[in-house]
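Notes to accompany the following structure.
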Amino acid sequence: MTPELIGLVVVLVIVAIVVIAVVVRRRPGGGELPAEGGKPQLKPGGEEKARPKPGPAPAAEEHRERETVKKAEARPKGEREAGEARKAEEKKRAEEEKRERAAAEARRAEEEKRAEEARRAEETRRAEERKAGAEEKRKRVAAVRKGLEATRGGLVAKLSRLFRGKKEISAELLSSIEEALITSDVGARTTDRLVGRVREGLSGKDLSDEGMVWEFLREEARAILSVPSEQPEMKKGEPYVILVLGVNGVGKTTTIGKLASRYKAEGREVVLAAADTFRAAAVQQLQIWGRRVPCEVVSGKEGADPSSVAFSAIEKAKAVGADVVIVDTAGRLHTKVPLMEELKKIARVLGKAQEGAPHEVLLVLDANTGQNANQQATTFREAAKVTGIALTKLDGTAKGGVILGICDEQKIPVRYIGIGEGIDDLRPFDPELFVSALFDDVGDVSAAA
Ligand SMILES: Nc1nc2c(ncn2[C@@H]2O[C@H](COP(=O)(O)OP(=O)(O)OP(=O)(O)O)[C@@H](O)[C@H]2O)c(=O)[nH]1
Ligand SMILES: [Mg+2]
C-alpha cells in the first residue's frame, strides 16, 4: 500500500466516524437505546439521563396532535348531536305514548258508551218483558177471576165483609171466619187448621190487625194449594198416556176435549180413546171433540171391553207417531166395586201396551159437589193411583173453597181447573195466580156483594 492510499483510507475512516457521530446525535431521543421493557435505564441512585427522547418525526407528531385536537373538538360535537338525537327520540316516544294513551282512552270511552247503551237496551227489553209478562199475568188472572166470580162473591165477599172496618180481631170475628170457610166448602178439617193458625198468630202477637189476618189467610191458602208434584217427562216417540176418571157428569169428556186442544196447540199429536163403551152417545161426544181439535179418536163397538179400546188407542198412537193418548172412561159411582175393579184392569192393560203407562191418572171432580168431591177423591185413590186432579165447573159455584179442602186432605196436586164450557176454559192450575184471582182486589167484590 502506498502512503497516498493509506492517507486516503485514514481520511475516509475519519469522515465515516464524523458522519456516524452526526447521525447518532440527530436520532430522536438519541443516545443509548432504552433497556429492556422500553424504559430508560436509570443509573443506580441517579436520575434518568437528560437526553432527548426518541419519538416520531416532527411532521407525524404534528399530524397526530392535529388529529387529537380534532378528536377533542369532534367529541363534544358528537355528544351534543347524540344528546339531541336522544332527546328527539324521547320526545317522539313521549308523543307516541301520549297518542296511544289518548287512543286507549277514546277506545275505553267508546266501549263504555257501547256497554252503557247495551245495558240500557237490556233494561228496556227486560222492562218490556216484565210489562208484557205482567200484562200476560194480568190477563190470566182476569180470566181466572172471571171464572171465580161466584166464589169471590161467596167465600171472599163473606170474609172481606167480616174484616171491613175491624180494628181488633175478636173471638166473635174468628168464629165468623170459621163459618164463612165452612159454608164455602173448605171442609171442616181445613177450616179448623186455618182458624187455629190465625188464633195462634193472634195470641203470639204476630197478627194484630185485619190486614195482617187477611194477608195470613191468603198466604196459608197459597201454601195449601202448592202441593208438590212429580210428573214423568214426555219422551219423543213414546206416547204419554193419560187415564181420565170420575163420577158421572163431572166433565171428563169435556175436559179431555179441552186438554187435547191444549196439547195440539203446543204442537203435539193426540189420540183419544173412547173407552166409555156403555153409551153410544159417549163415543159420539168424544168424536165431536176429535173433529174440533182435530185429532184421531179410537173407539170400539158398544159394550166392548174398555181395556181393549185403550190398548188399541196406544197401538194407533205408536203407528202414527202420536205424542199423547187420553183415555176417556165411563162415569162411575165411586161406591160401585165392580166398576172400580174395571178401572184397575184398564190401568193394567195400559201398562202392558206402553211401558210406564198410565203416566197420569187424572181424577175429574166437579167443584159444585163440594165436600162430596173430597169423598170421591178418597175412594178413587183406592182403586187407581191418582196423580192429578182436574177441578171443573168452578165458574158455576160459590163453593170454590172446596179446592182448599181437597188439596189439604188429599195432597194430590190440582193440575187443571175448568172455568167454563168453551175449548179454552181449561186452565193449568197455578196456586199463586189462583190466590191472586180469588183474594186480590177484594174491594170490588165486597162492593158488589
Ligand atoms: N160451566 C162448566 N161446565 C162444564 C165444565 N166442564 C164440563 N162442563 C159441562 O158439564 C157437562 C158434563 O160434561 P161431560 O164432559 O159430558 O161429563 P162426563 O164426566 O164426561 O159425563 P159422563 O160421561 O156422563 O160421566 C157438560 O154439559 C159440559 O159442558 C166447566 O168447567 N164449566
Ligand atoms: Mg163422558
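Letter 137 of the sequence shown, counting from 1, is numbered 138 in the numbering used here, and no numbers are missing. We put the CB at the ideal spot given by N, CA and C, even for glycine. Only a predicted model underlies this, so the values are computations on that prediction, with no experimental measurement involved.
My understanding is that residue i touches residue j, with C-beta atoms under 8 Å, so please give their C-beta distance in whole angstroms.
i, j, result
"residue 367", "residue 251", "4 Å"
"residue 324", "residue 269", "4 Å"
"residue 200", "residue 175", "6 Å"
"residue 272", "residue 317", "5 Å"
"residue 315", "residue 298", "The pair is not a contact, with the Cβ atoms about 14 Å apart (cut-off 8 Å)."
"residue 419", "residue 394", "6 Å"
Is the closest heavy atom of ligand 2 to the C-beta of residue i under 7 Å?
i, result
"residue 253", "yes"
"residue 329", "yes"
"residue 320", "no"
"residue 143", "no"
"residue 274", "no"
"residue 332", "yes"
"residue 189", "no"
"residue 283", "yes"
Can you tell me where the alpha helix (DSSP H) with residue i in it begins and where it stops?
i, result
"residue 284", "281 to 293"
"residue 429", "From DSSP, residue 429 is part of no alpha helix (DSSP H) but of the beta strand (DSSP E) over 427 to 429."
"residue 177", "172 to 184"
"residue 165", "Element bounds for residue 165: n/a, residue is neither H nor E."
"residue 410", "403 to 411"
"residue 199", "189 to 204"
"residue 257", "253 to 266"
When you measure from the CB of residue i to every non-hydrogen atom of ligand 1, does any distance come out below 7 Å?
i, result
"residue 278", "no"
"residue 365", "yes"
"residue 369", "no"
"residue 324", "no"
"residue 396", "yes"
"residue 192", "no"
"residue 247", "yes"
"residue 422", "yes"
"residue 1", "The chain is shown only over 2 to 450; residue 1 falls outside these bounds and no answer can be derived."
"residue 154", "no"
"residue 256", "yes"
"residue 380", "no"
"residue 301", "no"
"residue 393", "yes"
"residue 419", "yes"
Report the three-state DSSP secondary structure of residue i (helix, strand or coil).
i, result
"residue 35", "Because the pLDDT at residue 35 is just 42, under 50, the model does not fix this residue reliably, and the point stays unresolved."
"residue 40", "Legend: pLDDT at residue 40 = 43, less than 50; position of this residue unreliable, no value from coordinates given."
"residue 48", "Because the pLDDT of residue 48 is 43, which lies under 50, any placement of that residue in the model is unreliable, and the question is left without a value."
"residue 230", "coil"
"residue 393", "strand"
"residue 271", "strand"
"residue 17", "helix"
"residue 247", "coil"
"residue 6", "helix"
"residue 438", "helix"
"residue 300", "strand"
"residue 157", "helix"
"residue 11", "helix"
"residue 387", "coil"
Flag residue i as yes when its Cβ comes closer than 7 Å to any non-hydrogen atom of ligand 4, and as no otherwise.
i, result
"residue 288", "This structure lacks ligand 4; the ligands present are ligand 1 and ligand 2."
Are the C-beta atoms of residue i and some chain B residue less than 8 Å apart?
i, result
"residue 347", "Among the protein chains of the structure shown there is no chain B, as only one such chain exists."
Could you give the first and the last residue of the continuous beta strand (DSSP E) run that contains residue i?
i, result
"residue 416", "415 to 419"
To test your reading of the DSSP string, which unbroken alpha helix (DSSP H) runs of 4 or more residues are found completely within the segment 305 to 375?
307 to 321, 338 to 354
Alpha helix (DSSP H) runs contained entirely in the segment 71 to 151, provided each spans 4 or more residues
none
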